[in-house]
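One structure below.
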DNA sequence: CTTGACCCCGTACTTCACTACAGGGTTTAT
DNA sequence: ATAAACCCTGTAGTGAAGTACGGGGTCAAG
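Chains as they are written, first to last, in this note's numbering: chain Y, 1 to 141; chain A, 142 to 282.
As structure tokens, then:
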């Protein structure tokens, strides 16, 4: 009784069966044994594994990061490796925040500039986009 | 002499010809007249138009946002519409920053937790991902 | 014994913004 | 005259993370 069909596993983890199959194809969830007729029969821990995946995803780890994280969880690696992966991701997130803040700053400036209703012929936002070359710098967006 | 072939336009705008053709297909750059033999002959303003696109892109506007912005620039709309588009984008950016900061906070916590080298059997990061349900909340990442 | 709920498979489509061909024609420079 | 450098077209592939679909097999209840 302690094996679950794909539908049960998916329901308990809060995903759909297609996604479950997708994670199997991607090597995130190991392929379970099958019945004679080909039905997958999962051990209940599978649900926890999926929850792990979802939690890591909510922290913005990519599926390939997660694949690594999982293989480390499976005992294949050191804590240092996990730490390193987290660190790298943290750095990426931090950088992304900085980029977005720069963008935010420009947009705020443009917006307030536009609110101060001057009698300009052209909208100041359009004008800035037409002229302000410094807007062109950086940002891997 | 004041018409430019696609290669010239692309070079002056700092993009490749494939990208230029792509922008034409996407309706961001108007289809220019052609020579007998089918070569595109662009008016020089096209270069400015592409620069406009690149600047807007560097602020994180999507191509479809930019299509709108351009049609407003082309005189089709009011300043209010530009303002509204900018405002919406600013809100989206701000929200994205908040999400990333939440993620950043959790990652920092996990990281420092891992640095404080305790004698845990499992890495605290892996443990958190295995257990901490609150990590599952929100974030459209 | 049949209906309905469940499961299987593989393939293809989605979004976004390109990028890369393949297979030609044209123009320019030597 | 010929080769290099340029231009044209259309289609297909990239990556990320799925979603959708078509067509079929299976299992439990009534």
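For each residue, glycine too, the CB sits at the ideal point set by N, CA and C.
- Closer than 8 Å at the C-beta level to chain Y, one finds these residues of the segment 221–249 of chain A: 223, 224, 227, 228, 230, 231, 234, 235, 237, 238, 241, 242, 244, 245, 247, 248, 249.
- Closer than 8 Å at the C-beta level to chain A, one finds no residue of the segment 16–40 of chain Y.
- Chain order gives the chain A residues near residue 132 of chain Y as 196, where near means a beta carbon separation below 9 Å.
- Residue 7 of chain Y: member of the alpha helix (DSSP H) spanning 6–13, first to last residue.
- The Cβ-Cβ distance between residue 69 of chain Y and residue 90 of chain Y does not fall below 8 Å.
- Secondary structure at residue 98 of chain Y: helix, using DSSP grouped into helix, strand and coil.
- Beta-carbon to beta-carbon, residue 163 of chain A and residue 129 of chain Y are separated by about 20 Å, too far to satisfy the 8 Å threshold.
- The Cβ atoms of residue 224 of chain A and residue 114 of chain Y lie closer than 8 Å to each other.
- Three or more beta-carbon pairs separated by less than 8 Å link the segment 5–14 of chain Y to the segment 35–47 of chain Y, which places the two stretches in contact.
- By the beta-carbon neighbour count (other beta carbons within 10 angstroms, threshold 16), residue 157 of chain A is exposed.
- Counting only Cβ-Cβ distances below 9 Å, residue 112 of chain Y has no contacts in chain A at all, with the closest Cβ about 10 Å away.
- When Cβ-Cβ separations below 8 Å define contact, residue 191 of chain A makes no contact with chain Y.
- CA-to-CA, the gap between residue 93 of chain Y and residue 64 of chain Y works out to about 16 Å.
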